[in-house]
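See structure below.
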Amino acid sequence: MSTLTHHQAAALNYKEHISLTANAGSGKTFVLSKRYVEIALNENINLRNIAAITFTDKAAGELYKKITVEVDDCYKSVNDLKTKRKLEKIRRQLVSANISTIHSFCIDILREFPVEANIDANFTPIDTRLSDELIEISVEETIKEMLQKEHESEIIKKL
8 MSTLTHHQAA ALNYKEHISL TANAGSGKTF VLSKRYVEIA LNENINLRNI AAITFTDKAA
68 GELYKKITVE VDDCYKSVND LKTKRKLEKI RRQLVSANIS TIHSFCIDIL REFPVEANID
128 ANFTPIDTRL SDELIEISVE ETIKEMLQKE HESEIIKKL
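Residue 8 is where the sequence shown starts when you use the working numbering, and the numbers rise one by one after that.
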């Protein structure tokens with residue numbers, strides 16, 4: 008996919024915040040990678056101040072790869088020495104860029120601001136298995152409490 012649709016071209020206007028939603032294979036990652044590189048090239052900001060967030064680890068990896076390819080393609084296509092240097096700097100900074108899942112992004116924020124979040128600075132995020140177990144236990148306890156309260160209210164009604 009090398010040509011942009013009308014909607015994709017509009018999404019490249021990085022002066023506006025966007026949330027892209029579309030079917031699989033419609034070019035979301037393509038647009039986001041181009042938008043990311045446009046911001047990195049045209050604004051005088053560190054890549055750590057640009058967030059590219061997806062839902063899955065697979066999508067985050069794909070977005071990172073496409074951004075890297077976009078930077079490399081831009082580097083090959085420009086002749087301006089100043090732009091080439093800027094692209095080299097962007098390529099080096101990609102290692103620490105915020106290209107991640109929502110989950111990873113939130114963990115990074117909590118690690119950076121544990122005091123403000125009122126959490127232990129040495130917290131460890133739980134995995135899916137433990138999360139599922141805790142949800143199951145919580146549901147069971149809630150049901151037991153509701154049944155106990157219902158039983159107690161029946162006894163009170165009979166008195």
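Glycine included, each C-beta is placed from N, C-alpha and C at the ideal position.
For clarity, every value in this text was computed on a predicted model and none was experimentally measured.
Around the beta carbon of Ala-59, a 10 Å sphere encloses 16 or more other beta carbons of the protein chains shown; the residue is thus reported as buried. Counting along the chain, no alpha helix (DSSP H) covers Ser-107; the unbroken beta strand (DSSP E) around it starts and ends at 105-108. Ser-107 counts as buried, since no fewer than 16 other beta carbons sit within 10 angstroms of its beta carbon. The region 34-47 makes contact with the region 68-75, as at least three CB pairs between them are under 8 angstroms. Taking a cut-off of 8 angstroms on C-beta distances, the region 82-95 does not touch the region 130-144, as fewer than three cross pairs fall below it. Between the region 62-70 and the region 98-118, the count of C-beta pairs closer than 8 angstroms reaches three or more; the two stretches touch. In this structure Glu-45 is in contact with Leu-19, their Cβ atoms being roughly 6 angstroms apart against a cut-off of 8 angstroms. By the Cβ neighbour-count rule, Thr-63 is exposed, with fewer than 16 other Cβ atoms within 10 Å of its own.
Contact between Asn-105 and Ile-57 is confirmed by a C-beta separation of about 7 angstroms, below the 8 angstroms threshold. Collapsing the DSSP output to three states places Ala-59 in a strand. For the region 28-106, the full-length beta strand (DSSP E) segments reaching 3 residues or more read 58-61 along the chain. Annotation for Thr-36: Glu-69, Leu-70, Lys-73 place their beta carbon closer than 6 angstroms to its own, counting only its chain and skipping 5 residues before and after.
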